[in-house]
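In my numbering, the protein residues as written are 38 to 137.
Note that CB positions come from ideal geometry on N, CA and C, so glycine has one too.
Pasting the structure below:
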């Protein structure tokens, strides 16, 4: 009867393994003799993150404007337009959509 609990135990183990992963931010290594302003580094990292997010949003809006009306955004950069799945690719500076 113990074999009935094995799938549950395996799923719990997989969940705990995923939950234990930690993402670290930027690591700054410096010499002790060098002056360092942690708040300025934090502010610079926050500004860089905001800039990256605005670039992603601008790219996403460009994609939405180039798609036909009625397309749905799926997980990742895949779009459902009617019966077609489209994936955006940049080729020589021109955005094209590959049908999957």
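Setting aside the 5 residues that flank it on each side, residue 63 is surrounded in the same chain by 82, each with a C-beta closer than 7 Å to its C-beta; the list follows chain order.
A straight-line Cα-Cα distance of about 53 Å links residue 134 and residue 70. Annotated three-state conformation of residue 94 is helix, per DSSP. Rounded to the nearest whole angstrom, the C-alpha separation of residue 137 and residue 121 is 7 Å. In terms of Cβ geometry, residue 73 and residue 67 form a close pair [threshold 8 Å]. Excluding sequence positions up to five before and after residue 110, its CB lies within less than 7 Å of the CB of 116, all in the same chain and listed in chain order. For residue 135, the uninterrupted beta strand (DSSP E) segment begins and ends at 131 to 136.
Residue 70 carries a coil assignment under DSSP once its states are collapsed to helix, strand and coil. Residue environment analysis places residue 123 among the buried positions, since at least 16 neighbouring C-beta atoms fall within 10 angstroms of its C-beta.
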